[in-house]
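In our numbering, the protein residues as written are 195 to 496. Cβ atoms here follow ideal geometry from the backbone N, Cα and C, with glycine treated the same way.
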């Protein structure tokens with residue numbers, strides 16, 4: 195039934211269909227906004243009749259529910275997608291870092307070969323003074339062969355590595371000498387992760403200047419250098435990894451916790467320049483055979 199109402203602004207009286215009850219619109223006389231009053235409900239035997247919600251109100255509630263459901267689905271699906279993709283993204287990043295680490299080792303081996311071609315010998319692991327104190331690292335000697343001639347020219351070879359004259363090198367970061375998977379590099383950018391394997395029977399046995407022809411086990415079967423996480427060794431510092439420490443990384447009881455920035459093993463570069471990823475589960479005896487240059491051992495499957 196029609197609803198009679200009066201505009202509170204101009205006093206104009208008019209009627210509207212009951213389906214517009216509760217809605218707001220302009221007055222036909224003055225144009226001011228007027229809310230049409232609700233129709234009076236007819237009483238029933240059980241009490242007052244329930245008021246029928248307007249079509250506009252029902253539509254608004256329905257749209258709100260639909261939007262809430264859609265947003266909920268988007269949030270849930272987005273969370274699931276992130277959970278599924280995150281491991282893949284992390285794995286891809288680590289794969290790229292491991293490849294960069296491998297490339298660094300290749301460049302170091304190439305520098306050793308170029309040094310050998312120039313001087314007919316590789317550099318010693320460390321040069322010592324007359325008191326037997328290491329004062330210079332092989333990494334300083336190969337600088338011209340890793341595109342660091344300017345650093346080599348500035349370095350003072352008349353004083354030890356940590357002398358005031360060489361302080362610039364102590365604090366200098368050379369990306370080639372550190373593994374991108376080692377988070378410690380952030381706090382110590384001049385750190386190196388690449389060490390020669392030294393000690394009895396290795397290529398770098400004592401203060402000798404080794405030659406490739408002395409590696410009778412074969413260049414492809416003999417470790418030249420290894421990557422190690424968190425060494426705390428600066429690239430200009432004359433310090434490396436002895437053979438016992440290297441062998442101790444492997445086997446079920448190996449001291450391999452946090453030894454590498456890569457999961458399950460470490461990168462090593464052989465004397466021929468090939469990079470190998472050695473599992474920490476390798477037999478320690480095989481690791482020792484790989485570290486020696488003339489042991490005559492049978493090596494396979496590494």
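Subject >> Residue(s) in a DSSP beta bridge with residue 470 >> reply: Note: residue 470 sits in a beta bridge opposite 462.
**OP:** Note down the Cα distance separating residue 386 from residue 490, rounded to an integer number of angstroms.
**Re:** Between residue 386 and residue 490, the C-alpha separation is close to 31 Å.
Original post:
How would you write the range of the alpha helix (DSSP H) that residue 493 sits in, first residue to last?
Top reply: Careful: residue 493 lies outside any alpha helix (DSSP H) and carries neither H nor E.
Subject >> Cβ neighbours of residue 207 in the same chain (closer than 6 Å, five flanking residues each side left out) >> reply: For residue 207, where only same-chain residues beyond five positions count, the Cβ hits under 6 Å are 200.
Original post:
Can you list the alpha helix (DSSP H) stretches of 4 or more residues lying completely in the region 358 to 419, in chain order?
Top reply: 361 to 364
**OP:** Taking only the alpha-carbon atoms, compute the straight-line gap between residue 383 and residue 471 and give it to the nearest angstrom.
**Re:** 24 Å
Original post:
Would residue 421 pass as a contact of residue 452 if the rule is Cβ separation under 8 Å?
Top reply: No, these two residues do not count as a Cβ contact at 8 Å.
**OP:** Give the DSSP-derived three-state secondary structure of residue 247 in the structure shown.
**Re:** Here the model assigns residue 247 a pLDDT of 49, short of 50, so the residue's position is not dependable, and the following value carries that caveat. Correct three-state label for residue 247: coil.
**OP:** Indicate whether residue 430 and residue 364 have their beta-carbon atoms separated by less than 8 Å.
**Re:** Taking C-beta atoms as the reference points, residue 430 and residue 364 count as a pair closer than 8 Å.
Original post:
Based on Cα-Cα distance, which residue from 224, 432, 450 and 446 lies nearest to residue 440?
Top reply: 450
Original post:
Any contact of the region 365 to 383 with the region 288 to 306, i.e. 3+ C-beta pairs under 8 Å?
Top reply: Flag = yes, the region 365 to 383 and the region 288 to 306 touch.
Subject >> CA-to-CA distance, residue 397 to residue 442, given in whole angstroms >> reply: 18 Å
Original post:
Touching or not, the region 406 to 417 and the region 325 to 336, by the rule of three or more beta carbon pairs under 8 Å?
Top reply: no
Original post:
Would residue 425 be called buried (16 or more neighbouring beta carbons within 10 Å of its own) or exposed?
Top reply: buried
Subject >> DSSP-derived helix/strand/coil call for residue 320 >> reply: Of the three classes helix, strand and coil, the one that applies to residue 320 here is strand, per DSSP.
Original post:
What does DSSP give as the partner residues of residue 421 in its beta bridges?
Top reply: Beta-bridge pairing links residue 421 to 388.
Subject >> Rounded straight-line distance, which links the Cα of residue 198 to that of residue 218 >> reply: 15 Å
Subject >> Residues near residue 229 in its chain [Cβ-Cβ closer than 6 Å; skip 5 each side] >> reply: 218
**OP:** Just tell me which of 433, 478, 338 and 293 has its CA closest to the CA of residue 312.
**Re:** 338
Original post:
In chain order, what residues of the same chain lie with their CB nearer than 8 Å to the CB of residue 325, ignoring the 5 residues before and after it?
Top reply: Here the set comprises nothing.
Original post:
Three-state secondary structure (DSSP) at residue 289?
Top reply: In this structure, residue 289 counts as helix in the three-state DSSP scheme.
Original post:
Alpha carbon to alpha carbon, what distance is there between residue 477 and residue 336?
Top reply: 33 Å
**OP:** Taking residue 483 as the reference, give the member of 444, 232 and 469 with the closest Cα.
**Re:** 444
**OP:** Please go through the same chain and pick out, in chain order, the residues whose beta-carbon is closer than 7 Å to the beta-carbon of residue 353, but skip the five residues on each side of it.
**Re:** Take residue 353, set aside five residues on each side of it, and the residues of its chain with a beta-carbon closer than 7 Å to its own are 359 and 360, in chain order.
Subject >> Which residues DSSP lists as bridging residue 227, in chain order >> reply: 220
**OP:** Below 8 Å CB to CB, which residues in the same chain sit around residue 446 once its five sequence neighbours on both sides are set aside?
**Re:** In the same chain as residue 446, and ignoring 5 residues on each side of it, the C-beta atoms closer than 8 Å to its own belong to 475, in chain order.
Original post:
Between residue 294 and residue 259, what straight-line distance do the alpha-carbon atoms span, to the nearest angstrom?
Top reply: 52 Å
**OP:** Alpha carbon to alpha carbon, how far is residue 265 from residue 297? Give it in angstroms, no decimals.
**Re:** 47 Å
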